[in-house]
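Below: one structure, written as C-alpha cells.
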Amino acid sequence: MQTECAIGAQRGGFAGAPTGFRKLTPGLLQADRAAECFDGLPDEVDFHGQLLAAFKAAAPRLGLSVRLVHALDWLFRFTRPQDWEPGGRPIVWPSAATQQEALGLSESRVKSINRGLIDAGLVTMKDSPSGKRWGVRDGDGQIVEAYGFDLSPIATRHAEFVRLAAEAKAERELIGRLRRRATIARKAIAQILETVAEYGFGDGEWSRLRLDTAALVRSLRQFERPEEIAIGVASLERRQTEAKERLEKLLDAVDSGPSGPENRPHSIPTNPGFDSEEAVMASEGCKSGSDPVPPGETPERSEAARSREERDSAAAGAAPGTGHPLPPISRASGPRTDSGTVMRMSVRELLAFAPRLRTYLKTPTPAWPEIVDAADWLRGEMGVSQHLWGEACQALGREAAAIAIALVSAKPAEHFRTSPGGYFHGMVAKAKTGELNLARTIWGLRQQRACMAGPKHAPTGHCRESP
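Note that numbering that gives the first Met the number 0 has the sequence shown beginning at 0, numbered continuously upward.
Here it is as C-alpha cells:
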C-alpha cells in the first residue's frame, strides 16, 4: 500500500509530492494489526451476527455516534458466513455511490463517516491499485480477490466489546438504582413537607428544604455519570434524614402537650356549645344500663320492641331502621365498652353527628359505600391529604375511617391547635399504635346526646348539668 508520509520531512516540507493515497493514522495502523490476527470467528461465537450484536452493545461505551454504528451495520449486510471462516477475509466493496444512496448522505459526509470507522479501529482498508473498490467470488461464493472495507477487526476485538458491554450494563443498572433512591428520597421529603403544612409548622428552614430539594432534583436530571449522580443522591438523602428527625421532634412536642380530653384526637364533639370534656362528663354521668334513645325514637316505644329490632338487625348485619350493613369497629379502636350492640352506628346516626357529610351524598338513603365516598370528598374540603386518607383506611378500615373524618368535620375551628388535617393525622398515628378508641368516642357522644335531650329521654339523676 502506497501512502503519503511526512516522517523525515524537513521543517514541515513534504517527503515528496502529495500522492492522494490514504494517510496512515493511528486508528488505521491499529485496525491493520487487528486484521492481521484474524483467523475466523472466536471460539465463543457461532455466527457472525453475534459480532455485530456485541459491537452495538459496546458502542455507547466507546463513545461512537449513531451514524457510525448505522454505517457499520450496513456494511455487515454485504458479508457472507464463509467470509468469516479461517482462511477467509470479510471484505466488502460497495461503491461510493451505493453507500451515499443507502445512508442518505452527501459524498463529503460519507467520507467523514468512513474516516471515523477507520480512526475508531473498526475497519481497515484494502485499496486496489486503481483506488476503486471491487471484488470477485467463485462459484461457491468464496472471495477470490477483493478490495474495500476489511471488517476483520470486529472479530478480533470481540472480547473487548463483550467486556465493554458488560461494563455499560453494570453502569446503567447502577444509575437506575441511584435514580430510584433519588425518587424515594424526593417523595419522602414531599411527604414530610405535606405533614409540616398540615400541622402548620411552616418556617424558613422548611422553605429552604423545598427549594434545595427542587434544585437537586433538577441537577440530577442533567447528570449522566454515576459519580455525579451518587453525590446528588447522597445530598438528597441527607436532607431527608435531617428533615425527618426535625419533624419527629416537633411531633413529639405536640404529643407531649396537655393530656386533657380536649387534646385527645379520639374525643370528638358534634356541638360547638359543648367541648370534649363535656362529652366525657356525659358518658360518666349517664350510668344507666340502657342505651340512649337514638334519633327518631320516642319514650313510648316499648323496650321489648327495641330489643327485638336490635336482635333482628344484628342477625342481618344491618343498622336498625336502615337495612344497610354496618361498619365494623377497627381493632385499632381499643376494647369494646358496650354490651355489643351500642357501637352498631347507623347511617342516620352518623349524619346526625356530622351534618357536613350530607353535602357530598348523592341519595337521601345512602349505604356505607356511599358514606365512604362522601367522606373522601369531605376530607379534601378539610385539607386532609390523599396520602393521609389512605393511611387512615389501612389503619382503621374504610368505614371506620369515614366515621372518624366525619366526626372531625363536626368540630369547631377553634378546637384545633393546628388544622383539621393535623388533628386527623394525630388520630391516624394513634390508630397505628392501637391507642385510638373510636368506640369510647362514639359511646360518649351517644351518652352526651341522650343527656342533652333532658330528663324525658334519659334516666333521672344520671346526667350532670353542663358547667
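Backbone N, C-alpha and C fix where the C-beta goes; we use that ideal spot for every residue, glycine too. Small disclaimer: the values here were computed from a predicted structure and weren't measured.
Legend entry - Beta-carbon separation (whole angstroms), L377 vs I404, contact threshold 8 Å: Here residue 377 corresponds to residue number 378 of the sequence shown, with the count starting at 1. Here residue 404 corresponds to residue number 405 of the sequence shown, with the count starting at 1. Going by Cβ atoms, the distance from L377 to I404 rounds to 6 Å, so yes, they are a contact pair.
Inset, instruction - Label A184 either buried or exposed according to how many other C-beta atoms from any shown protein chain fall within 10 Å of its C-beta, with 16 as the threshold for buried. - result: In the sequence shown, residue 184 corresponds to position 185, counting from 1. A184 is buried by the Cβ-count criterion.
Legend entry - Start-to-end residues for the alpha helix (DSSP H) that takes in E390: Looking up residue 390 in the sequence shown gives position 391. Unbroken alpha helix (DSSP H) run through E390: 385-395.
Inset, instruction - To the nearest angstrom, report how far apart K431 and I370 are at their CA atoms. - result: Residue numbering aside, residue 431 sits at position 432 when the sequence shown is read from its first letter. Residue numbering aside, residue 370 sits at position 371 when the sequence shown is read from its first letter. If you take the alpha carbons of K431 and I370, they lie about 23 Å apart.
Inset, instruction - Please report how far the alpha carbon of R88 lies from the alpha carbon of D82, in whole angstroms. - result: Walking along the sequence shown from the start, residue 88 turns up at place 89. Walking along the sequence shown from the start, residue 82 turns up at place 83. So the two alpha carbons sit approximately 5 Å from each other.
Inset, instruction - My understanding is that E144 touches G130, with C-beta atoms under 8 Å, so please give their C-beta distance in whole angstroms. - result: Here the question's residue 144 lines up with position 145 in the sequence shown. Here the question's residue 130 lines up with position 131 in the sequence shown. Wrong, their Cβ atoms sit about 15 Å apart, outside the cutoff.
Inset, instruction - For T97, count neighbouring C-beta atoms within 10 Å of its own C-beta (all shown protein chains included) and say buried if the count is 16 or more, exposed if not. - result: The residue given as residue 97 occupies position 98 in the sequence shown. So T97 counts as exposed.
Legend entry - Own chain residues within Cβ distance below 6 Å of A391, not counting five before or after: If you number the sequence shown from 1, residue 391 lands on position 392. Around A391: A400, V427.
Legend entry - Separation of T182 from P257, as counted between CA atoms: The residue given as residue 257 occupies position 258 in the sequence shown. The residue given as residue 182 occupies position 183 in the sequence shown. Note that P257 has pLDDT 45, beneath the 50 cutoff, so the model's placement of it is unreliable and no number is given.
Legend entry - Sheet register partners of T123 (DSSP bridge): In the sequence shown, residue 123 corresponds to position 124, counting from 1. Note: T123 sits in a beta bridge opposite D149.
Legend entry - Limits of the unbroken alpha helix (DSSP H) element including V161: Counted from its first residue, the sequence shown places residue 161 at position 162. 157-198 is the span of the alpha helix (DSSP H), which, as asked, contains V161.
Inset, instruction - Indicate the three-state DSSP secondary structure (helix, strand or coil) for E43 in the structure shown. - result: Your numbering for residue 43 matches position 44 in the sequence shown. Three-state DSSP puts E43 in coil, outside helix and strand.
Inset, instruction - Please classify W92: does DSSP put it in a helix, a strand, or coil? - result: Counting from 1 along the sequence shown, the entry for residue 92 is found at position 93. W92 falls in the coil class under three-state DSSP.
Legend entry - Beta-carbon proximity list for V44, same chain, < 7 Å, skipping 5 on both sides: Counting from 1 along the sequence shown, the entry for residue 44 is found at position 45. Around V44: L50, H157.
Legend entry - A70 beta carbon near the ligand GDP (any heavy atom closer than 6 Å): As presented, the structure is devoid of all ligands, the ligand GDP included, so that no description of it is given.
Legend entry - Simplified DSSP state of E144, which is helix, strand or coil: If you number the sequence shown from 1, residue 144 lands on position 145. Strand at E144.
Inset, instruction - Along the beta strand (DSSP E) that carries R136, what are the first and last residues, could you check? - result: Numbered from its first residue, the sequence shown carries residue 136 at position 137. Unbroken beta strand (DSSP E) run through R136: 133-136.
Inset, instruction - Pick out whichever of I441, A242, F415, P368 has its Cα sitting closest to the Cα of A353. - result: If you number the sequence shown from 1, residue 353 lands on position 354. Minimum Cα distance to A353 is reached at I441.
Legend entry - Coarse secondary structure for A373, derived from DSSP in three states: Taking the sequence shown and counting its residues from 1, one reaches residue 373 at position 374. Of the three classes helix, strand and coil, the one that applies to A373 here is helix, per DSSP.
Legend entry - Residues near R216 by beta carbon distance below 8 Å, same chain, minus five either side: Taking the sequence shown and counting its residues from 1, one reaches residue 216 at position 217. For the record, residue 216 in the displayed sequence is Val; it is not Arg. A181, R185, L235, listed in sequence order.
Inset, instruction - Check whether the Cβ atoms of A30 and T123 lie closer than 7 Å to each other. - result: For the purposes of this step, residue 30 is identified with residue 31 of the sequence shown, where counting begins at 1. For the purposes of this step, residue 123 is identified with residue 124 of the sequence shown, where counting begins at 1. For A30 and T123, yes; Cβs fall inside 7 Å.
Legend entry - Endpoints, alpha helix (DSSP H) assigned at Q221: Along the sequence shown, one-based indexing puts residue 221 at 222. First-last of the alpha helix (DSSP H) with Q221: 203-221.
Legend entry - Proximity winner among V65, G147, A33, relative to F77 (alpha-carbon distances): The residue you call residue 77 lines up with position 78 of the sequence shown. Closest by alpha carbon: G147.
Inset, instruction - Give me the Cα-Cα distance between Q221 and I174, rounded to the nearest whole angstrom. - result: For this step, residue 221 is matched to residue 222 along the sequence shown. For this step, residue 174 is matched to residue 175 along the sequence shown. Going by the C-alpha atoms only, they are around 13 Å apart.
Legend entry - Span separating the alpha-carbon of S465 from that of F415: For the purposes of this step, residue 465 is identified with residue 466 of the sequence shown, where counting begins at 1. For the purposes of this step, residue 415 is identified with residue 416 of the sequence shown, where counting begins at 1. Residue placement at S465 is flagged as unreliable, the pLDDT there being 38, under the threshold of 50; the coordinate-derived value follows with that caveat. If I take the Cα positions, the gap works out to 22 Å.
Legend entry - With 16 other Cβ atoms within 10 Å as the buried cut-off, status of F46: Residue numbering aside, residue 46 sits at position 47 when the sequence shown is read from its first letter. Flag for F46 reads exposed.
Legend entry - Spatially closest choice to L395 from P411, K410, P368, K429, by CA coordinates: In the sequence shown, residue 395 corresponds to position 396, counting from 1. It is K429.
Legend entry - Meets three-Cβ-pair contact criterion under 8 Å: the region 159-167 and the region 382-390: no
Inset, instruction - Return helix, strand or coil for D139, following the three-state DSSP convention. - result: If you number the sequence shown from 1, residue 139 lands on position 140. D139: coil per DSSP, three-state reduction.
Legend entry - CB of K125 within 7 Å of CB of D149, strictly: Locating residue 125 in the sequence shown gives position 126, counting from the first residue. Locating residue 149 in the sequence shown gives position 150, counting from the first residue. Cβ distance < 7 Å, so K125 and D149 count as in contact.
Inset, instruction - Answer yes or no: do L246 and G231 have a C-beta to C-beta separation smaller than 7 Å? - result: By 1-based counting over the sequence shown, the position of residue 246 is 247. By 1-based counting over the sequence shown, the position of residue 231 is 232. Cβ distance not < 7 Å, so L246 and G231 don't count as in contact.
Inset, instruction - Quick one: grab the DSSP three-state call for A229. - result: Against the sequence shown, residue 229 aligns to sequence position 230. Looking at A229 - three-state DSSP - the assignment turns out to be helix.
Inset, instruction - Kindly indicate which three-state DSSP category E244 falls into: helix, strand or coil? - result: The residue labelled residue 244 in the question sits at position 245 within the sequence shown. Correct three-state label for E244: helix.
Legend entry - Coil, strand or helix - M451 by DSSP: Stepping through the sequence shown from its first residue, residue 451 is reached at position 452. The answer is helix: DSSP assigns M451 an H, G or I state.
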